[in-house]
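Asks:
In structure tokens form, the structure reads like this:
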């Protein structure tokens, strides 16, 4: 699976110089200077450092395509203006002699987080859960606004029901300050080990945040997958929702490898 590159560059003098020049170039360019009208440089730099774990890996082919807007619809730039942003960033990477193989992926990663910063600063109400608001009941309400139905279980875990491609659970760990997304695919009794190994290996070859493991010592045998995100700096709900949707979509896609119908499907 492709690894997020941004974390390797954050905090380096080279990268900080790049962000300074990119920000200044955009704010001085008549066509796109409004891109940063509500998102100031300190907030942009802070959010790159805070929220990079919420980035989702893409395929090499996806990174080769131009980045596209991901901000709130109300503040999205027209295609021509956003394309100019991408061109400016690409040119600056080349001028500053960044690794040419890293540049396409970094452009996607940086712009997605800048788009999140722009969205947050334009929001009329906070879309980031922080402090005492990092609570199962409040998370349940936020997801409901995104048409994702959840149930708060007695354990305080959230069980998703409608609005996603596969059932999943969400658990908040306040001691570790982490949010865990996990899911299970139950297996029929007649399944053989080599069949299960083949499914696990095929999924491992995908560009996916879902990595399967076989569990036999905790209830009915099943394939288990999880994805952990930090919330020491809050939970940016737009980015979290994308992670949850991607996790459930990737988990549902596992059934495409089940050629011999050994996996139980949810009805």
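Numbering (our numbering), first residue to last: 84 to 350.
Backbone N, C-alpha and C fix where the C-beta goes; we use that ideal spot for every residue, glycine too.
All values reported here derive from a predicted model rather than from experimental measurement.
For residue 313, which residues from the same chain have a beta carbon less than 7 Å from its beta carbon, with the 5 sequence-adjacent residues on both sides left out?
Replies: Numbered from 1 along the chain shown, position 230 holds the residue referred to as residue 313. Only 136, 260 and 261 meet the Cβ criterion.
Asks: Can you give, in chain order, each stretch of the beta strand (DSSP E) that sits fully within the segment 214-238 and has at least 3 residues?
Replies: List check, beta strand (DSSP E) in window: 233-235.
Asks: If you follow the beta strand (DSSP E) that residue 311 is in, where does it begin and where does it stop?
Replies: In the chain shown, counting from the first residue as 1, residue 311 sits at position 228. Segment 305-313, the beta strand (DSSP E) holding residue 311.
Asks: Using the Cα positions of residue 201 and residue 113, report the straight-line distance between them to the nearest angstrom.
Replies: Within the chain shown, the letter at position 118 stands for residue 201. Within the chain shown, the letter at position 30 stands for residue 113. Spanning the two alpha carbons is a distance of roughly 18 Å.
Asks: Decide if residue 293 is buried, meaning its Cβ has at least 16 other Cβ atoms within 10 Å, or exposed.
Replies: Position 210 of the chain shown, counted from the start, is the residue given in the question as residue 293. That one is buried.
Asks: Rounded to whole angstroms, what is the Cα-Cα separation between residue 321 and residue 124?
Replies: Indexing the chain shown from 1 puts residue 321 at position 238. Indexing the chain shown from 1 puts residue 124 at position 41. The straight-line gap from Cα to Cα measures roughly 21 Å.
Asks: Can you give, in chain order, each stretch of the alpha helix (DSSP H) that sits fully within the segment 268-295 and has at least 4 residues?
Replies: As far as the segment 268-295 is concerned, its whole alpha helix (DSSP H) runs of at least 4 residues are 276-287.
Asks: Is the beta carbon of residue 222 less than 8 Å from the beta carbon of residue 212?
Replies: In the chain shown, the residue the question calls residue 222 occupies position 139. In the chain shown, the residue the question calls residue 212 occupies position 129. In this structure, residue 212 lies closer than 8 Å to residue 222 by Cβ.
Asks: When the Cα atoms are used, what is the spatial distance from residue 177 to residue 217?
Replies: Translated into positions along the chain shown, residue 177 becomes position 94. Translated into positions along the chain shown, residue 217 becomes position 134. For residue 177 and residue 217, the distance between alpha carbons rounds to 41 Å.
Asks: Which residues in the same chain as residue 198 place their Cβ atom closer than 7 Å to its Cβ, once the five residues preceding and following it in sequence are excluded?
Replies: By one-based count along the chain shown, residue 198 stands at place 115. The residues are 152, 153 and 154.
Asks: If you count every other CB in all the chains shown that lies within 10 Å of the CB of residue 96, and 16 or more means buried, which is it?
Replies: As a position in the chain shown, residue 96 is number 13, starting the count at 1. So residue 96 ends up on the exposed side.
Asks: Could you tell me which residues DSSP puts in a beta bridge with residue 265?
Replies: As a working note, residue 265 is residue 182 in the chain shown. Answer by DSSP bridge pairing, in chain order: 252 and 309.
Asks: In angstroms with no decimal places, state the Cα-to-Cα distance between residue 279 and residue 299.
Replies: What you label residue 279 is simply residue 196 of the chain shown in a count that begins at 1. What you label residue 299 is simply residue 216 of the chain shown in a count that begins at 1. Their backbone Cα atoms lie some 12 Å apart in a straight line.
Asks: Since residue 138 sits in a beta bridge, which residues does DSSP pair it with?
Replies: Position 55 of the chain shown, counting from 1, holds the residue named residue 138. None; residue 138 has no bridge partner.
Asks: Measuring alpha carbon to alpha carbon, tell me which residue in 167, 87 and 268 is nearest residue 340.
Replies: On the chain shown, position 257 is the one that residue 340 refers to. Among 167, 87 and 268, the Cα nearest to that of residue 340 belongs to 268.
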